[in-house]
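Going by my numbering, the sequence shown opens with residue 17, and the numbers climb by one from there. Heads up, the beta-carbon is just placed ideally off N, CA and C, and yes, glycines get one too.
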Amino acid sequence: MEKLLTFIDLLGFSQMVNENENKARRILNDFYKIAYTEIKRLPNVKGHLFSDSLLAYSDSKESLINCLAAIYQKCLKKNSSYTELSKFFLLPRGAMSVGIINVEERQTAPNLTKDFIISPALVHSAKLESKIKGSRLLVAVKNVNDEQMQLDWNRNIRYPLYQDDAFTFLDNYKYKDVLWFSSFDDGRDEKEALIDLIDVAIKLVKANSRNEKVILQHIWTLRIGLLSYSKYLGLEPDPIIDRILKEFKADQYWLVWMTLIEMIVTSVNEWKYAAIKRIIEWYKKTSLKLGWSSLIEELNKPGEQYALHCFQKFINEMSITTT
17 MEKLLTFIDL LGFSQMVNEN ENKARRILND FYKIAYTEIK RLPNVKGHLF SDSLLAYSDS
77 KESLINCLAA IYQKCLKKNS SYTELSKFFL LPRGAMSVGI INVEERQTAP NLTKDFIISP
137 ALVHSAKLES KIKGSRLLVA VKNVNDEQMQ LDWNRNIRYP LYQDDAFTFL DNYKYKDVLW
197 FSSFDDGRDE KEALIDLIDV AIKLVKANSR NEKVILQHIW TLRIGLLSYS KYLGLEPDPI
257 IDRILKEFKA DQYWLVWMTL IEMIVTSVNE WKYAAIKRII EWYKKTSLKL GWSSLIEELN
317 KPGEQYALHC FQKFINEMSI TTT
């Protein structure tokens with residue numbers, strides 16, 4: 017029978033072990049506690065924890081996606097209790113795929129456990145995981161209308177799925193990011209909780225801003241938070257927009273610039289933001305920066321239709337409102 021299966025590990029865990037084994041142990045222990053608590057709540061989700069990895073699967077797409085999104089949220093929140101975010105942080109990353117899963121429970125000896133699992137979905141998810149930047153949860157969807165509709169129109173999936181056209185792996189699949197920072201159920205009362213999560217993601221970006229090897233990983237995590245926040249964009253002033261404009265001027269933050277444009281275009285008030293003077297001034301100044309070339313390069317990747325469409329729509333709206 018086909019199930020949804022995911023393979024997750026922790027970003028940077030090997031380096032943490034090399035840096036300080038005791039602190040790495042604390043990170044891993046926190047991950048185990050969070051994963052155990054969330055999976056235990058759902059009998060139709062099965063999980064296997066080993067080292068810094070989690071293998072989980074279920075007959076129910078919605079149960080697995082909702083469960084993992086909750087795990088990601090709690091892991092990110094846990095980072096607010098750590099003191100050396102440049103070296104030690106709790107950020108899962110992983111991918112899920114649909115496929116036949118053969119799980120055989122075999123008798124074990126006192127000194128041996130055996131999890132006999134054969135699944136093309138496991139191979140797919142495990143290979144995808146190594147390609148993912150940031151604390152992202154990618155869903156691989158077969159390029160068939162029926163399967164895409166089963167996810168896009170499934171109202172029991174509590175978290176938005178955001179198409180990532182630039183991410184490619186297998187030709188007959190498309191890949192969607194779970195916007196796990198905030199669920200559809202979250203209303204105005206939960207806005208502050210989302211802002212708190214984004215604040216943790218920003219602290220991780222700032223703590224690693226001088227490390228070129230990992231900074232983009234943390235910016236990708238922040239991107240998921242910012243896209244999750246789009247639904248709350250209303251009238252000015254907005255605290256998150258204010259922070260982006262003030263704190264992310266350096267060239268290395270080009271992906272944050274691109275995400276800001278996507279946020280504005282996917283909000284219900286896109287035309288209002290395109291007319292705001294400080295947004296127009298931000299665009300004029302930022303588009304002359306060296307980092308803008310990286311943004312343009314990303315937009316012109318094969319398959320990056322949606323982000324490019326957002327960018328073009330933003331420019332068009334800005335032209336209309338300023339003429």
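Sufficient close CB pairs (3 or more, under 8 Å) joining the segment 78-86 to the segment 40-48: no
Stretch-stretch touch, CB-based, cutoff 8 Å, three pairs: the segment 277-286 with the segment 248-267: yes
Contacting residues, own chain, Cβ-Cβ under 8 Å from L210 (five flanking each side not counted): Along the sequence shown, one-based indexing puts residue 210 at 194. Hits under 8 Å: F197, S198, D202, G241, S244, Y245, Y248.
For I173, the three-state DSSP class (helix, strand or coil): Mapped onto the sequence shown, residue 173 falls at position 157. Of the three classes helix, strand and coil, the one that applies to I173 here is coil, per DSSP.
Through-space distance from I173 to S74, alpha-carbon basis: As a working note, residue 74 is residue 58 in the sequence shown. As a working note, residue 173 is residue 157 in the sequence shown. Approximately 14 Å, taken between the alpha carbons.
A72 to I24 span [Cα, whole Å]: Against the sequence shown, residue 72 aligns to sequence position 56. Against the sequence shown, residue 24 aligns to sequence position 8. Approximately 8 Å, taken between the alpha carbons.
Cβ distance (whole Å) where K147 is taken to contact N188 below 8 Å: For this step, residue 147 is matched to residue 131 along the sequence shown. For this step, residue 188 is matched to residue 172 along the sequence shown. Between N188 and K147 the Cβ distance is about 17 Å, and since that is not below 8 Å, they are no contact.
Closest by C-alpha distance to Y178, when choosing among E35, K39, R239, R109: For the purposes of this step, residue 178 is taken as the residue at position 162 of the sequence shown. Y178 has its Cα closest to that of R239, out of E35, K39, R239, R109.
Check whether G307 and Q233 have beta carbons under 8 Å apart: Numbered from its first residue, the sequence shown carries residue 307 at position 291. Numbered from its first residue, the sequence shown carries residue 233 at position 217. Contact: no.
Span separating the alpha-carbon of F264 from that of L106: The residue given as residue 264 occupies position 248 in the sequence shown. The residue given as residue 106 occupies position 90 in the sequence shown. Whole-angstrom Cα-Cα distance: 23 Å.
Status (buried if at least 16 other CB within 10 Å, exposed otherwise) for E54: Translated into positions along the sequence shown, residue 54 becomes position 38. With a 10 Å radius around the Cβ and a threshold of 16 neighbouring Cβ atoms, E54 comes out buried.
CA-to-CA distance, Y98 to E313, given in whole angstroms: As a first step, residue 313 must be located in the sequence shown, where it is residue number 297. As a first step, residue 98 must be located in the sequence shown, where it is residue number 82. Each residue's Cα considered, the two are about 35 Å apart.
Burial state of D212, where buried means 16 or more other Cβ atoms lie within 10 Å: What you label residue 212 is simply residue 196 of the sequence shown in a count that begins at 1. Taking all protein chains in view, the Cβ of D212 is surrounded by fewer than 16 other Cβ atoms within 10 Å, so the residue is classified as exposed.
Pairwise C-alpha distance: I256 and K293: Along the sequence shown, read from residue 1 onward, the residue named residue 293 stands at position 277. Along the sequence shown, read from residue 1 onward, the residue named residue 256 stands at position 240. Approximately 17 Å between the Cα atoms of the pair.
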